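K.L.:
Those protein sequence lines, which keep their order, are chains B and R.
Add 6 to the 1-based position in the first sequence for the working numbering, that's all there is to it.
Add 5 to the 1-based position in the second sequence for the working numbering, that's all there is to it.
We put the beta carbon where it would ideally sit given N, CA and C, even for glycine.
These numbers come from a predicted model, not from an experiment.
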Amino acid sequence: MFTGILAFAKPPAGFEAPTTDVFKTACVIGHGTYCVNRVGIYIFATAIIVVGLFLAAFSKPKLVPRGLQNALEAVVEFVRNGIALEVIGTEGLPWVPFLTTMFMFIFVGNIFEVIPGIQFPVNSRTAIPAFLAGLVWILFNVAGVRAQGLGPYLKSNLFPPGVPKALYILVTPIELVSTFILRPFTLTVRLAANMIAGHLILTIFFLGTAYLLAKPATIPFAVPAFLLSVLLLGFEILVSVLQAYIFTILTAVYISGAVHPEH
Amino acid sequence: MTHLLGLLAAAETVGTPIGKGLVYGLGAIGPGLGIGFLVGKSVEAMARQPEAAGMVRTTMFLGIAFTEALALIGFVLAFIIK
Chain B
7 MFTGILAFAK PPAGFEAPTT DVFKTACVIG HGTYCVNRVG IYIFATAIIV
57 VGLFLAAFSK PKLVPRGLQN ALEAVVEFVR NGIALEVIGT EGLPWVPFLT
107 TMFMFIFVGN IFEVIPGIQF PVNSRTAIPA FLAGLVWILF NVAGVRAQGL
157 GPYLKSNLFP PGVPKALYIL VTPIELVSTF ILRPFTLTVR LAANMIAGHL
207 ILTIFFLGTA YLLAKPATIP FAVPAFLLSV LLLGFEILVS VLQAYIFTIL
257 TAVYISGAVH PEH
Chain R
6 MTHLLGLLAA AETVGTPIGK GLVYGLGAIG PGLGIGFLVG KSVEAMARQP
56 EAAGMVRTTM FLGIAFTEAL ALIGFVLAFI IK
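Here's what the structure looks like:
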């Protein structure tokens, strides 16, 4: 009975469910371990697009903004008011350029998932979120040491005030792991896993639609499958924006925690 | 008896996909409950005090980000299982 259910649950013959192999790409320039593959080209494209967008919008700024300048001013304003000022406070204003650049880089990298012809989220390769998380880790530590000095910074993080002395045996290791080890790890996993999951779901749904279209008997089932795929496409656009926002706001929270010592 | 042994052998070869599914499925229970509770309470707070909606929304997204990480670790673990 057990195997019978399993046989039923297996995909039908001829349908190859996508695996993590969809994230492997061949070399385009060069060969071997250190070559530029499709993802590498997309990373450079992401950087160039972000720089190009900001240059095009703000190289000749007008007093009454129109079009692209208007759109990007809305992004800068959102990061400035919604993230930097709200989370860090007035000390957050020098961080606005960094946070805006990071927001745009992650967003453009994510939105590649739904652009026809590319359809690959750059951030689904763990190395890129890991690099960004490492950058954030260095920055919030440097900001903390600058604002408080090395000793007080470590003390306020590892020995939070207001805790009974005996509890430091328990609290200090937890704070050490959660602040200095788990933060970059969860930042990486959150962004990468979201993008991997989204890409796999889209691949499965569109491959399934194509498979259902192949036989006349299953075409009626292909229609709802296709409609659901399109809905998921819209959902992925939402996830792209949301993940860029969450990554940026968590960066701001970590910087804020480093700059403002706990009382 | 042979039937049972055969079943066990079959379970060993086909157990991995089930295990992968279980790792993600069980890992998603807690964060699912957590996010539901969190968003529900945030909606309640926003309805009670609409002028504080911006602050509540920011904090809600932060909470979602922290809670969601657990589910995503389960998702990654499902791929790591060989």
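Please report the distance separating the alpha-carbon of B/Thr192 from that of R/Ala74.
P.N.:
Here residue 192 of chain B corresponds to residue number 186 of the first sequence, with the count starting at 1. Here residue 74 of chain R corresponds to residue number 69 of the second sequence, with the count starting at 1. Roughly 6 Å between the two C-alpha positions.
K.L.:
With DSSP run on the structure shown, which of helix, strand or coil describes B/Ile255?
P.N.:
Within the first sequence, the letter at position 249 stands for residue 255 of chain B. Helix, per DSSP.
K.L.:
Please confirm whether B/Ala199 has its beta-carbon closer than 8 Å to some beta-carbon of chain R.
P.N.:
Here residue 199 of chain B refers to the residue found at position 193 of the first sequence. Output row for B/Ala199: interface = yes.
K.L.:
Beta-carbon of B/Glu92 versus every beta-carbon of chain R: anything under 8 Å?
P.N.:
Along the first sequence, read from residue 1 onward, the residue named residue 92 of chain B stands at position 86. Answer yes: the Cβ-Cβ gap between B/Glu92 and chain R drops below 8 Å somewhere.
K.L.:
For the region 50-134 of chain B, which segments carrying the alpha helix (DSSP H) assignment without a break, of at least 4 residues, lie completely within its bounds, in sequence order?
P.N.:
73-83, 102-117
K.L.:
For R/Val81, which of helix, strand or coil comes out of DSSP?
P.N.:
Against the second sequence, residue 81 of chain R aligns to sequence position 76. Residue state, collapsed to three classes: helix.
K.L.:
Using a Cβ-Cβ distance under 8 Å, would B/Thr26 count as near chain R?
P.N.:
Start at 1 with the first residue of the first sequence, and residue 26 of chain B comes out as number 20. Interface residue, yes.
K.L.:
Rounded to the nearest angstrom, what separates B/Phe84 and B/Phe104 at their Cα positions?
P.N.:
Locating residue 84 of chain B in the first sequence gives position 78, where the first residue counts as 1. Locating residue 104 of chain B in the first sequence gives position 98, where the first residue counts as 1. The straight-line gap from Cα to Cα measures roughly 14 Å.
K.L.:
Mind pulling the chain R residues with CB within less than 8 Å of B/Arg196?
P.N.:
The count along the first sequence starts at 1 and reaches residue 196 of chain B at position 190. Near B/Arg196 (Cβ distances below 8 Å), the residues of chain R are Ala70, Glu73, Ala74, Leu77.
K.L.:
Would you mind telling me which residues of chain B sit closer than 9 Å to R/Thr63, beta carbon to beta carbon, in chain order?
P.N.:
Here residue 63 of chain R refers to the residue found at position 58 of the second sequence. Near R/Thr63 (Cβ distances below 9 Å), the residues of chain B are Gly88, Ile89, Glu92, Val93, Ile255.
K.L.:
Look up B/Val183 in the DSSP assignment and say whether it is helix, strand or coil.
P.N.:
On the first sequence, position 177 is the one that residue 183 of chain B refers to. Three-state DSSP puts B/Val183 in a helix.
K.L.:
Give the interface partners of B/Ala250 over in chain R, defined as CB-CB distance under 7 Å, in chain order.
P.N.:
Reading the first sequence from its first residue, position 244 is the one you call residue 250 of chain B. Within 7 Å Cβ-Cβ: nothing; B/Ala250 doesn't reach chain R, min ~12 Å.
K.L.:
I want to see whether chain R comes within less than 8 Å of B/Thr209, judged by CB atoms only; does it?
P.N.:
Residue numbering aside, residue 209 of chain B sits at position 203 when the first sequence is read from its first letter. No, because no Cβ of chain R sits closer than 8 Å to the Cβ of B/Thr209.
K.L.:
Within the 8 Å Cβ cut-off, does B/Ala220 reach chain R?
P.N.:
Walking along the first sequence from the start, residue 220 of chain B turns up at place 214. No, no contact with chain R.
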